[in-house]
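Mapping to this note's numbering: the sequence shown position 463 is 565, numbers consecutive.
Working notes for the structure below.
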Amino acid sequence: MGGGQKRGRTQRRHFKQSRENVWKHNPKKILPDGPSTDDSNPTWEPFANQNTGFEEYYKEQGIVPEDEWEEFLSLLRKPLPAAFRINASGQFFTDILSQLENDFMKSLEAEVNDEHEIEAIRPLPWYPGNLAWHLNFSRMQIRKNQALERLHEFLKQENEVGNITRQEAVSMVVCAAPGSKTFQLLEIIHQSTEPGLLPNGLVIANDVDVQRCNLLIHQTKRMCSANLIVTNNEAQHFPSCTLTVDHMEAFRGGKEELRANILQFDRVLCDVPCSGDGTLRKAPDIWRKWNAGMGNGVHRLQVEIAMRGIALLKVGGRMVYSTCSMNPVEDEAVVAEILRRSGGSVELVDVSSELPELIRRPGLKTWKVKDKGLWLTTYKDVPIYRRNVILPSMFPSNQTCGGRPVSYDGAQEDVEVLGSTTGKENVTNLRMRDQDYKSKEHETHCGNLQNNKMQTDTGETANKLQEVSSNKSPAAEELDGDSKVEVSGFPLERCLRILPHDQNSGAFFIAVLQKLSHLHASHIKQSNNIRNKVSTTVDFIRKDEHEAEIKPSEDLHHQAVAEAASSAKLTADQSKENSKTNSMCSEVTNSEEVVVCDDGETGQVGKKDVKGKLQIQGRWRGVDPVVLFTDETTINSIRSFYGINECFALDGHLVTRNSDANHVKRIYYISKSVHDVLQLNFRVGQRLKITSLGLKIFERQKPKDGSSPCSFRLSSEGLPLLLPYISKQILCASLVDFQHLLQYRTIKFADFVDASFGEKASNLMSGCCVVVLNEGNQITDNIVADASTIAIVCWKGKTNVSVLVSPLDAKELLERLAVRFGSDRGTLLEENETNSEIDTSKNCEDAESTDGFEMVDQEGF
Ligand SMILES: C[S@@+](CC[C@H](N)C(=O)[O-])C[C@H]1O[C@@H](n2cnc3c(N)ncnc32)[C@H](O)[C@@H]1O
């Protein structure tokens with residue numbers, strides 16, 4: 103795997119930047135007032151864990167009642183306890199659960215050191231099946247505490263092999279950390295399918311940052327899923343993969359086929375980029391950096407990404423919008439803007455009865471915006487020269503200077519006089535920390551407002567503009583009297599905010615949205631107009647002639663196309679982005695999934711597509727094209743060598759990143775759902791920039807002596823999928839011989855305890871083989887494998903059998919066998935560590951027993 107090591111180092115460096123590190127060279131002095139200033143005398147000092155700007159901001163926003171404020175701050179200043187989730191689709195998940203419940207929980211009883219907690223380690227009460235766990239120690243404490251050493255080792259190892267995933271407790275509610283939420287989504291689709299079958303669905307995970315894409319690929323590789331595509335597009339311009347009006351001409355009379363050719367999603371998770379102040383406990387450097395402008399700065403992008411998510415959603419589908427920020431400008435304001443722009447096509451779902459054990463707070467109905475030290479309660483107060491930064495959508499009413507909301511007509515309902523709606527009645531089912539919770543700040547605002555209706559005039563606006571032009575700040579004057587506050591009429595209390603002191607976690611914001619009908623083309627156009635209005639400097643979406651042709655009364659398909667059109671036609675605009683994309687790609691030329699593209703050959707497109715393909719070469723340069731692997735000779739030789747049952751389809755399911763079949767090194771298996779998306783992507787001219795897809799199933803491996811008739815070995819990741827369909831090159835070993843193989847890595851035929859096993863092994867064809875653990879001393883002539891079968895990929899040489907499993911995986915498997923079958927764990931593990939030094943590749947060239955990816959410990963333990 104060329105470049106694995108290099109990539110590992112780069113990733114480590116990249117992710118170390120955000121690590122828990124409270125003693126760090128701090129070149130900037132910390133002002134008591136918040137953000138730092140330049141300082142030529144660098145000091146070595148711990149990160150400040152206070153920022154008066156932060157405190158003032160959140161007190162004013164009223165996200166925490168006054169009597170909880172000290173507790174809130176005190177928790178924010180403590181390191182975040184570690185949390186992890188057991189991979190329920192892992193073969194050993196019940197063993198791991200039992201080890202945690204029966205071994206670690208008991209043995210660590212004495213180790214509690216936190217006044218908030220009575221147990222050292224406990225399952226999260228709101229997460230089903232005891233599959234998510236909370237440790238009352240930060241990762242730093244775990245690393246340093248000797249009593250926790252055994253637990254630390256256990257967590258590290260299980261995390262590395264994919265049996266558990268470190269994940270922040272509150273982010274388990276939904277979505278993906280660098281891969282962990284995607285992993286969780288994959289688990290969900292796999293669990294809903296019978297063992298041994300591939301799910302009908304798929305997950306497309308997208309990130310604009312190619313380094314994060316690579317980390318995500320690494321994390322999700324452990325899930326061994328053929329139903330994943332990782333893309334590297336800008337989310338706000340995520341391609342539609344929808345056949346547009348031009349294409350539709352070619353499909354007259356074939357609407358059914360056309361329907362199948364629209365890429366729309368049942369679920370979308372928008373875990374958007376944010377200021378991240380909900381992660382203060384694990385990233386304390388945010389204390390130093392935080393300022394109110396951070397939230398304002400990402401609001402526009404968040405709205406754009408969320409709206410793109412809505413456009414890509416099927417009618418009836420749901421989207422989760424989430425941030426790890428507590429800031430209402432990034433949270434409620436964005437949700438309100440989605441509802442406003444969607445014009446009744448989207449509803450905010452009441453999820454108050456879900457996960458009743460999870461303590462959460464309702465979303466705010468009112469908030470303010472802070473800019474350059476000024477508190478702004480309404481857009482009318484925004485000085486003209488700040489209007490390209492502070493947008494109407496940041497305020498609860500989205501009211502412009504003209505007194506009208508800038509969105510669709512129905513958005514008028516969004517403006518209410520404060521006091522008329524608090525939304526409190528909608529949140530009675532939530533398990534609140536304080537059932538009567540209602541921010542005192544809110545009450546104050548409400549009280550003040552009841553006598554102060556919102557101004558919807560024009561005269562006052564004119565006065566303000568005059569004041570602005572004379573360089574005075576009308577906002578400052580009005581705020582002195584705290585005379586008015588806007589309140590959103592949307593049911594924003596249905597959003598949830600989780601605060602650190604609710605359950606000793608980080609902070610998180612979640613909103614669940616459901617698409618009720620297609621977005622009206624005019625809303626899309628209006629959104630574009632809004633963008634043009636609010637900023638003359640940003641031109642996100644090119645005007646689209648086809649959009650205007652689509653009549654709202656046309657059939658559903660047309661509406662779906664209209665929705666998608668907002669970015670389907672971005673292709674031309676995206677050429678502007680090319681230089682950026684290309685430079686990103688050039689950073690990853692050594693990676694496994696994203697490598698330098700020598701030619702644009704995809705091998706799968708018709709004449710018409712070739713033109714598109716050449717354009718794509720420019721746009722996606724630096725990314726190897728995905729190519730369906732159709733070389734019949736090779737496929738037949740693989741099928742025949744391993745005796746792969748005909749009912750296991752290979753045709754149309756194998757892809758590579760190399761168009762020259764003779765030089766293909768790795769073959770990936772893709773599900774039918776991934777195949778369909780891939781075909782659609784070819785048809786629309788490869789708009790999706792795919793960095794990885796499917797499951798590595800075969801790898802080229804030549805025996806030194808050329809004795810094996812098959813030049814591809816099985817990959818460990820692909821084995822569980824293929825195993826039930828293999829009838830040749832497969833052996834059944836007793837527990838002791840299986841353990842010896844893992845332990846010594848290479849064993850001569852004559853040295854197996856079970857002589858008949860050695861004999862059968864010697865009779866196999868040279869090359870790759872599979873050794874299955876014979877758990878119940880079954881008759882071994884007819885091996886029936888299923889999802890619970892324990893098996894490893896090996897190599898049959900002239901005189902011996904060697905394992906093609908990484909030393910780490912071998913160690914883990916030995917440990918699991920020891921726990922399950924009660925073998926002498928200590929001896930076996932010690933010996934295994936010694937033997938892992940043995941060169942496993944002595945039988946064959948290119949033997950990659952470790953799969954070559956250096957572990958990144960950022961998200962580990
Ligand atoms: C809060 S993180 C969450 C992402 C992911 N769910 C995770 O936890 O790793 C935001 C992610 O958005 C990515 N991002 C930032 N801007 C983006 C954009 N315009 N399009 C797509 N991804 C973007 C960042 O690289 C980052 O990985």
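Note that beta-carbon positions come from the ideal geometry of N, C-alpha and C, so glycine has one too.
In this structure, the C-beta of Ala-413 stays at least 8 Å away from each heavy atom of ligand 1. Secondary structure note for Ile-388: its alpha helix (DSSP H) is the uninterrupted segment 387-391. Contact annotation: the stretch 423-440 does not touch the stretch 199-212, with fewer than three C-beta pairs closer than 8 Å. DSSP links Thr-344 through a beta bridge to Ile-364. In this model, Pro-301 and Asn-247 are separated by some 43 Å (Cα to Cα). Thr-196 and Arg-489 have their alpha carbons spaced roughly 57 Å apart. Listed in chain order, the non-local C-beta contacts of Ser-864 below 6 Å within the same chain comprise Phe-851, local neighbours out to five positions each way being set aside. Shown here, Asp-373 sits in a strand according to DSSP, grouped into three states. The alpha carbon of Gly-264 has as its nearest neighbour, out of Glu-801, Phe-239, Arg-324 and Val-422, the alpha carbon of Arg-324. The three-state reading of DSSP puts Arg-314 in helix, counting H, G and I together. Here Glu-336 carries a coil assignment [DSSP, helix/strand/coil].
Judged by pairs of C-beta atoms under 8 Å, the stretch 220-239 does not touch the stretch 161-171, as fewer than three such pairs exist. Setting aside the 5 residues that flank it on each side, Val-400 is surrounded in the same chain by Pro-375, Cys-376, Ser-377 and Glu-432, each with a C-beta closer than 7 Å to its C-beta; the list follows chain order. Contact annotation: the stretch 334-341 touches the stretch 408-428, with at least three C-beta pairs closer than 8 Å. Given a length threshold of 4 residues, each whole run of the alpha helix (DSSP H) inside the stretch 824-863 is given here in chain order: 837-846. Inter-residue distance for Ile-440 and Val-757 is about 38 Å (C-alpha atoms, whole angstroms). In this structure, the straight-line span from the alpha carbon of Lys-913 to that of Leu-844 is close to 8 Å. The three-state reading of DSSP puts Tyr-229 in coil, since its state is none of H, G, I, E or B. The beta carbon of Ile-769 is closer than 8 Å to those of Phe-731, Leu-756, Val-757, Thr-758, Lys-798, Ile-799, Phe-800, Glu-801 and Phe-814 in its chain, skipping five residues each way along the sequence.
The alpha-carbon separation between Tyr-846 and Val-873 amounts to approximately 15 Å. With 16 or more neighbouring CB atoms inside 10 Å of its own CB, Arg-599 falls in the buried class.
For Pro-183, there is no enclosing alpha helix (DSSP H); the residue is found in the beta strand (DSSP E) stretching over 183-188.
With respect to Val-895, Leu-906 sits close: the two C-beta atoms are nearer than 9 Å. Between Leu-288 and Thr-322, the gap from beta carbon to beta carbon is short of 9 Å. Residue pairing by DSSP places Pro-464 opposite Leu-598 in a beta bridge. Taking 8 Å as the cut-off, the C-beta of Thr-425 counts as close to a heavy atom of ligand 1.
Residue nearest to Ser-810 within the set Ala-751, Asp-726 and Cys-871 is Cys-871 (criterion: CA-CA distance). The count of Cβ pairs closer than 8 Å, one atom from the stretch 389-403 and one from the stretch 153-164, reaches three, so the stretches are in contact.
A heavy atom of ligand 1 is found nearer than 8 Å to the CB of Gly-378. Gly-869 has Lys-898 as its beta-bridge partners, per DSSP. Within the DSSP bridge table, the entry for Ala-920 names no partner. Contact holds between the stretch 437-453 and the stretch 602-616, because three or more Cβ pairs, one in each stretch, are under 8 Å apart. Residue pairing by DSSP places Trp-469 in no beta bridge whatsoever. Here Thr-381 carries a helix assignment [DSSP, helix/strand/coil]. Relative to ligand 1, the beta carbon of Leu-790 is positioned no closer than 8 Å to any heavy atom. DSSP, read as helix, strand or coil, puts Pro-301 in coil.
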